[in-house]
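Colleague: Using the working numbering, count along the sequence shown one by one with no gaps and you end on 434.
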Amino acid sequence: MSQKKRLPIGIQTFREIRENNYYYVDKTQMALNLINEAKHFFLSRPRRFGKSLFLDTLKELFEGKETLFTDLAIHKQWDWSVSYPVIRFSFGGGEYTAIDELQQNITEQLDDLDKAFNHHTTHTTLSGRFKALMRHIHEQSGLQVVVLVDEYDKPILDALQQPDVAKTNRDVLRGFYGTVKDSEAHVKFSFFTGVSKFAKVSIFSGLNNLTDISLDHRYSTLCGYTDRDIDLVFAAELDGLERDEIRRWYNGYNWLGDGVYNPFDILQLFNKREFQNYWFETGTPTFLVNWLINHKIATPKIGSLLSSSDMLSSFDIENMNAQALLFQTGYLTIKDSKRLGGQTYYTLGYPNQEVLQSLNESLLSVLVHNENERSQNTVSLIERLTVNDFD
Numbered sequence: 044m045s046q047k048k049r050l051p052i053g054i055q056t057f058r059e060i061r062e063n064n065y066y067y068v069d070k071t072q073m074a075l076n077l078i079n080e081a082k083h084f085f086l087s088r089p090r091r092f093g094k095s096l097f098l099d100t101l102k103e104l105f106e107g108k109e110t111l112f113t114d115l116a117i118h119k120q121w122d123w124s125v126s127y128p129v130i131r132f133s134f135g136g137g138e139y140t141a142i143d144e145l146q147q148n149i150t151e152q153l154d155d156l157d158k159a160f161n162h163h164t165t166h167t168t169l170s171g172r173f174k175a176l177m178r179h180i181h182e183q184s185g186l187q188v189v190v191l192v193d194e195y196d197k198p199i200l201d202a203l204q205q206p207d208v209a210k211t212n213r214d215v216l217r218g219f220y221g222t223v224k225d226s227e228a229h230v231k232f233s234f235f236t237g238v239s240k241f242a243k244v245s246i247f248s249g250l251n252n253l254t255d256i257s258l259d260h261r262y263s264t265l266c267g268y269t270d271r272d273i274d275l276v277f278a279a280e281l282d283g284l285e286r287d288e289i290r291r292w293y294n295g296y297n298w299l300g301d302g303v304y305n306p307f308d309i310l311q312l313f314n315k316r317e318f319q320n321y322w323f324e325t326g327t328p329t330f331l332v333n334w335l336i337n338h339k340i341a342t343p344k345i346g347s348l349l350s351s352s353d354m355l356s357s358f359d360i361e362n363m364n365a366q367a368l369l370f371q372t373g374y375l376t377i378k379d380s381k382r383l384g385g386q387t388y389y390t391l392g393y394p395n396q397e398v399l400q401s402l403n404e405s406l407l408s409v410l411v412h413n414e415n416e417r418s419q420n421t422v423s424l425i426e427r428l429t430v431n432d433f434d
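1) So, with DSSP's three-state summary, where would you put Leu-199?
2) For the region 181-195 against the region 117-136, are there 3 or more C-beta pairs whose distance is under 8 angstroms?
3) Can you tell me whether Glu-62 is buried or exposed? The criterion is at least 16 other CB atoms within 10 Å of its CB, across all chains shown.
4) Could you check if Phe-92 is buried or exposed, using at least 16 other CB atoms within 10 Å of its CB as the buried criterion?
5) Is the region 423-432 touching the region 371-384 in the sense that three or more CB pairs, one from each, lie closer than 8 angstroms?
6) Three or more C-beta pairs closer than 8 angstroms, one from the region 227-241 and one from the region 171-185: is that the case here?
7) Under the three-state reduction of DSSP, which class applies to Ile-336: helix, strand or coil?
8) Tell me the residue span of the beta strand (DSSP E) that contains Ser-351.
9) Please report the distance separating the alpha-carbon of Asp-255 from that of Asp-432.
10) Who pairs with Asn-320 in a beta bridge, going by DSSP?
11) Does the Cβ of Trp-292 have 16 or more other Cβ atoms within 10 Å, making it buried, or fewer, making it exposed?
12) Terminal residues of the continuous beta strand (DSSP E) containing Ile-130?
13) For the candidate residues Gly-326, Glu-80, Leu-391, Asn-333, whose alpha-carbon lies nearest to that of Ser-351?
14) What separation, rounded to the nearest whole angstrom, lies between the Cα atoms of Gln-386 and Tyr-67?
15) Where do the ends of the beta strand (DSSP E) carrying Lys-378 lie?
16) According to DSSP, is Gly-185 part of a helix, a strand, or is it coil?
17) Roughly how far, in whole angstroms, is the beta-carbon of Glu-151 from the beta-carbon of Glu-144, given that I think they are within contact range, below 8 angstroms?
18) Identify every residue that forms a DSSP beta bridge with Leu-410.
19) Could you pull out every unbroken alpha helix (DSSP H) segment of at least 4 residues lying fully inside the region 225-302, listed in chain order?
20) So which of Lys-224, Arg-88, Tyr-127 has the shortest CA-CA distance to Leu-186?
21) Within a Cβ cutoff of 7 angstroms, which residues of the same chain sit near Ile-60, ignoring the five residues on either side of it in sequence?
22) With a 10 Å radius around its C-beta and 16 neighbouring C-beta atoms as the bar for buried, classify Phe-370 as buried or exposed.
23) For Gln-46, which residues of its own chain have a beta-carbon under 8 angstroms away from its beta-carbon, when the five flanking residues on both sides are left out?
24) Would you mind giving the Cβ-Cβ distance between Val-223 and Val-189, rounded to the nearest angstrom? I have them listed as a contact below 8 angstroms.
25) For Tyr-268 and Pro-306, which I take to be in contact (beta-carbon distance under 8 angstroms), what is that distance rounded to the nearest angstrom?
26) Indicate the three-state DSSP secondary structure (helix, strand or coil) for Phe-307 in the structure shown.
27) Let me check understanding here. Comparing Cα to Cα, which of Glu-317, Phe-323, Ser-408 lies closest to Glu-288?
28) Considering Leu-115, what are the terminal residues of the alpha helix (DSSP H) in which it resides?
29) Among the candidates Asp-114, Thr-236, Thr-429, whose CA atom is the shortest distance from the CA of Asp-99?
30) When you compare only the Cα positions, how much space is there between Asp-308 and Leu-355?
31) Using three-state DSSP, classify Asp-359 as helix, strand or coil.
32) Please state whether DSSP places Asp-154 in a helix, a strand or coil.
33) Around the Cβ of Glu-361, are there at least 16 other Cβ atoms within 10 angstroms (buried) or fewer (exposed)?
34) Give the secondary structure of His-83 by DSSP, where H, G and I count as helix, E and B as strand, and everything else as coil.
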């Protein structure tokens, strides 16, 4: 029987996982495939799906930290003699609901990067500083830089209920991210991750050479655990847990490839040994629930919405539709797809029991304000349905 390891709950640092006997699901072959295929990438996935860990894996890989990759798929296929300079931005920390917060956050991150790369800038604009930093690093090291951006969209999502701030943040980011294309000669590779896939004209108009792999079947399991991962990597954790129940509760996310489990759910399940709504309880935005109610989205329809491929990628501050909002945030997933008239259409549905149960309970709690009465009626209804007491 396989040996138990430590559960990497909440750990997004590749080095810590590899050096401290944590479980690790090897994604390095897909990382290598990406690097060999193109230069600039974008991936959208819901929160807590391992995007930050994948970016950190890329960072350690490009920096040539060979010992961390021993026995992984990429180890014998990578040139470990080269250590590329890596510029990483993360917008996961902080709130971006005030008009100046994003500008200040980027300035602080640039200050830290200038210090790390011994760069003294004379530029004052964010784009000017970023461009000068990449040029300086390339000239000093003789190597092109790797640019990694985590949670690229959080400054916009944080401010969705304050449209003026959201639009200002969007405009700041559009100019800032466009610097990567302006500095093409200094960049070896770039990777952007986020929850939402904002329309390219909205946020990436200046970086229109991004390869979007959000719905690329080859990279559908880049974030998340597959059935095979559960059965092989986590075999030592399965004793005492019903395998089909694990699948019913937490599997079912689909990006046109193999279905995947949310890693946070699985790790919490193996830790606490109980089936609960772990992912949903970590931060379903009140904004989402209120938006569904205000736009009168009928709850029976949520589990079977139809969407075109254009609709799923048309998300923007001025143009939010239920399909894109629910799909990109992870509350709906692709159940079926078909080609009609030169367009791809998707049938969207709940991925699993956790989301079906939790989202409807959240909607109910907003509609019925008396918590005690809601609980009593829910229990009474379930008991009567269980014994087929329809009267």
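We treat Cβ as the ideally placed atom computed from N, Cα and C, and that holds for glycine. Model, not experiment: these values are computed from the prediction.
Modeller: According to the structure data:
1) According to the sequence as given, residue 199 is Ile; it is not Leu. Looking at Ile-199 - three-state DSSP - the assignment turns out to be helix.
2) yes
3) exposed
4) buried
5) no
6) yes
7) helix
8) 348-351
9) 51 angstroms
10) According to DSSP, which records beta bridges pairwise, Asn-320 is partnered with nothing at all.
11) buried
12) 129-133
13) Leu-391
14) 38 angstroms
15) 376-383
16) coil
17) About 11 angstroms; that fails the 8 angstroms criterion.
18) Leu-410 is not bridged to any residue.
19) 243-246, 270-275, 286-293
20) Tyr-127
21) Pro-51, Ile-54, Tyr-67
22) buried
23) Ala-279
24) With 8 angstroms as the limit, Val-223 and Val-189 do not qualify as a contact, their Cβ atoms being about 11 angstroms apart.
25) 6 angstroms
26) helix
27) Glu-317
28) Where Leu-115 is concerned, there is no enclosing alpha helix (DSSP H), given that its DSSP letter is neither H nor E.
29) Thr-236
30) 25 angstroms
31) strand
32) helix
33) exposed
34) strand
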